[in-house]
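In the working numbering, the protein residues as written are 1 to 287. Every residue gets a Cβ at the ideal spot worked out from N, C-alpha and C, and that includes glycine. From a predicted model like this one, the values you see are computed outputs, not experimental measurements. Written out below as structure tokens is the structure these notes cover.
Structure, rendered in structure tokens:
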């Protein structure tokens, strides 16, 4: 088992208080996924490639602090999952998690050489299925894939889709963030609404439907798929987040052959980019 990481101040939103402004200007690139959906991505730095896949309400710009640190030693490819940023929405009535596996595979193929993958939150569920299916990657790093967390209800899913269709973005973000995934509460809603990232959250409204579907249909650990994974894998978790997710991360690490588990002490479910990036650099650089 990997030794626990030391605690520090931050969190994905804490970093963004000063660092999130849409990211520095970089060349926007595109690749078509298997179903024809256009996926936007960009590159930072030079060195061995690392492809980053975000979780709910994460666009590529949100990983600017991570990409800036990692780009000192790696070429970092961040992309917008479908339904957010500069990527197309795709057809929500034909969405399955396999479509997003194909999106990740398309970006990895566009890189043109074997790549490492870092996946945050629900992005980890997608990346694990991709690895199990043999999508080429060198190593896989994960932060808190939210297995065993609270399931999206039919009512929540129906309401979310209706609000998206009516373009009621403030209500969509609030429903998704507070009631479906629970990273904001009644006590913190005003803080988040005045946060620099809130405007970005509203641009990602269509994608919340896809992550809500993942939270409805893919919260059980896919044991048979995990047993097929052959790439070196690091599962990271915080020790101050939801206990069910914390325990599920340990189980995921147990089920993947040869996987390591790293506990970041003093952190919760929101990935701290400045603390996590050096740990992932060491993991990806190790022989």
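Residue j and residue i - do their beta-carbons sit closer together than 8 Å?
i, j, result
"residue 79", "residue 107", "yes"
"residue 39", "residue 82", "yes"
"residue 37", "residue 105", "no"
"residue 214", "residue 122", "yes"
"residue 49", "residue 116", "yes"
"residue 100", "residue 34", "no"
"residue 280", "residue 209", "no"
"residue 47", "residue 73", "yes"
"residue 134", "residue 234", "no"
"residue 145", "residue 252", "yes"
Use the C-beta contact count for residue i: other C-beta atoms within 10 angstroms, 16 or more gives buried, fewer gives exposed.
i, result
"residue 186", "exposed"
"residue 158", "exposed"
"residue 230", "exposed"
"residue 69", "buried"
"residue 84", "buried"
"residue 94", "exposed"
"residue 237", "buried"
"residue 10", "Only weak support exists for where residue 10 lies, its pLDDT of 42 falling under 50; the coordinates are left without a value."
"residue 28", "exposed"
"residue 1", "Reliability of the predicted coordinates at residue 1 is poor, the pLDDT of 39 falling under 50, and the value obtained from them is presented with this limitation in mind. Exposed, since its Cβ has fewer than 16 Cβ neighbours within 10 Å."
"residue 166", "exposed"
"residue 5", "Below a pLDDT of 50, predicted positions are generally treated as unreliable, and residue 5, at 41, falls in that range; no measurement from the model is reported."
"residue 77", "buried"
Could you check where the alpha helix (DSSP H) with residue i kicks off and where it finishes?
i, result
"residue 195", "Here residue 195 belongs to no alpha helix (DSSP H), and DSSP marks it neither H nor E."
"residue 164", "154-165"
"residue 213", "205-217"
"residue 252", "243-255"
"residue 291", "A question about residue 291 goes unanswered here, because the residues of the chain that appear run from 1 up to 287."
"residue 185", "From DSSP, residue 185 is part of no alpha helix (DSSP H); its letter is neither H nor E."
"residue 169", "169-174"
For the beta strand (DSSP E) containing residue i, name the first residue and the last one.
i, result
"residue 120", "116-120"
"residue 276", "Residue 276 -> not in any beta strand (DSSP E); alpha helix (DSSP H) instead, spanning 273-285."
"residue 231", "Counting along the chain, residue 231 falls outside any beta strand (DSSP E), and DSSP gives it neither H nor E."
"residue 263", "260-264"
"residue 140", "140-143"
Check whether the region 196-207 touches the region 56-64, counting contact only when three or more Cβ pairs, one atom from each stretch, lie closer than 8 Å.
At 8 Å Cβ cutoff, the stretches touch.
Cβ pair count under 8 Å reaching 3, the region 213-232 against the region 148-158
Output reads yes: the region 148-158 touches the region 213-232.
Taking contact to mean 3 or more Cβ pairs, one atom from each stretch, closer than 8 Å, check whether the region 157-177 and the region 256-273 are in contact.
No, the region 157-177 is not in contact with the region 256-273.
Sequence ranges, beta strand (DSSP E) only - wholly within the region 29-107, length at least 3
Contiguous beta strand (DSSP E) elements confined to the region 29-107 occur at 29-32, 38-44, 49-53 and 75-79, taking only those with 3 or more residues.
Count Cβ pairs between the region 60-68 and the region 272-286 that sit closer than 8 Å; are there 3 or more?
Yes, since at least three Cβ pairs between the region 60-68 and the region 272-286 fall closer than 8 Å, the two stretches touch.
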